[in-house]
Amino acid sequence: MSARRAATAASGSLPIPASELADLVLERLVPTYGKSADAQSGERMAAYMKGVTPFLGIASPERKALSRTVLEGLPRPDETDCTAVALRAWRLPEREYHYFAVDYLRRYVKSCSSGFLPVARHLVSTVPWWDTVDALASHVVGGLVAADARLERDMDEWIEDDDLWIARTALLHQLRYKDATDTDRLFGYCLRQSGHPDFFIRKAIGWCLREYAKTDAQAVRGFVTEHERRLAPLSVREALKNIGRG
Numbered sequence: 102m103s104a105r106r107a108a109t110a111a112s113g114s115l116p117i118p119a120s121e122l123a124d125l126v127l128e129r130l131v132p133t134y135g136k137s138a139d140a141q142s143g144e145r146m147a148a149y150m151k152g153v154t155p156f157l158g159i160a161s162p163e164r165k166a167l168s169r170t171v172l173e174g175l176p177r178p179d180e181t182d183c184t185a186v187a188l189r190a191w192r193l194p195e196r197e198y199h200y201f202a203v204d205y206l207r208r209y210v211k212s213c214s215s216g217f218l219p220v221a222r223h224l225v226s227t228v229p230w231w232d233t234v235d236a237l238a239s240h241v242v243g244g245l246v247a248a249d250a251r252l253e254r255d256m257d258e259w260i261e262d263d264d265l266w267i268a269r270t271a272l273l274h275q276l277r278y279k280d281a282t283d284t285d286r287l288f289g290y291c292l293r294q295s296g297h298p299d300f301f302i303r304k305a306i307g308w309c310l311r312e313y314a315k316t317d318a319q320a321v322r323g324f325v326t327e328h329e330r331r332l333a334p335l336s337v338r339e340a341l342k343n344i345g346r347g
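Per the working numbering, the sequence shown starts with residue 102, numbered consecutively.
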């Protein structure tokens, strides 16, 4: 399946609820972004992202300015609105629309209950690449779990998922928790996936450890020292990048 066909099919497995706000957002979004499309830039961006989707060719600063124009004067959404905006944007083939959806959810994740988690999972697993997955993991899924501890059980399932992007999301969902990090889960998840062959999992293990080291370097150093034989060299290098071995 081509990137364009894959992106067009992106949200077919979840129903999109009716939302007047989403209607308005999309009526503004598509022409606003479309007017700023640059085909040559789009080709370069798509190549950099390994062809996961087509791109309009809008650089991040301009895209964020356009998004402010799209959202100007609109009310705060509820969960239904967030679901409709995200899924409808995900149906559009170009990656900038997916970025818009991620930014929208980051901004309004507190409008969503734990019931939004299946939508977040769908977005993580549909036309996935690190550019959308990582922001969804740390800002959206992480926000949902922080607000409802019952979702920790879902993370315990996600870390074992065959979909590497779902497992990566479980690893990264506590990335912004700092002192609130559940270290048993953090270290336990790292060990569960320590033998994973994929670069994106090994990198995520190192990244989440490196980030927690900003809060408790001694704990991370001790964990890596104890389990270094089980961890991939990449994970170890990333984990100790800023703290060394002591």
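Even for Gly, the Cβ is constructed at its ideal location relative to N, Cα and C.
- Distance from the Cα of Val-241 is smallest, within the candidate group Thr-282, Gly-143, Leu-265 and Leu-224, for Leu-224.
- Counting the other Cβ atoms within 10 Å of the Cβ of Gly-347 gives fewer than 16, which makes it exposed.
- DSSP, reduced to helix, strand and coil, places Ser-142 within a helical segment of the structure shown.
- When C-beta atoms of the segment 205-216 are compared with those of the segment 178-185, three or more pairs fall below 8 Å, so the two segments count as touching.
- The residue from Val-171, Gly-307 and Pro-229 with its alpha-carbon nearest to that of His-199 is Pro-229.
- By the CB criterion at 8 Å, Thr-133 and Arg-196 fall outside the cutoff.
- In the three-state scheme derived from DSSP, where H, G and I count as helix and E and B as strand, Trp-259 is classed as helix.
- When only Cα atoms are considered, Ala-202 and Arg-164 end up about 12 Å apart.
- Taking the CA atoms as reference points, Gly-323 sits about 11 Å from Ala-314.
- Between the alpha carbons of Arg-311 and Thr-284 lies a distance of about 13 Å.
- The C-beta separation of Arg-277 from Ser-239 comes to about 6 Å, placing the pair in contact by the 8 Å criterion.
- Ser-336 is classed as buried because its beta carbon has at least 16 other beta carbons within 10 Å across all chains shown.
- Comparing alpha-carbon positions, the option among Leu-157, Lys-151, Arg-129 and Ala-148 lying closest to Ala-140 turns out to be Leu-157.
- Distance from the CA of Gly-143 to the CA of Tyr-149, rounded to the nearest whole angstrom, comes to 10 Å.
- Within its own chain, the residues whose Cβ lies closer than 8 Å to the Cβ of Arg-177, once the five positions on either side in sequence are excluded, are Tyr-209 and Ser-212, listed in chain order.
- By the CB criterion at 8 Å, Ile-302 and Ala-268 fall inside the cutoff.
- Counting other Cβ atoms within 10 Å of its Cβ, Gly-243 reaches 16 or more and is therefore classed as buried.
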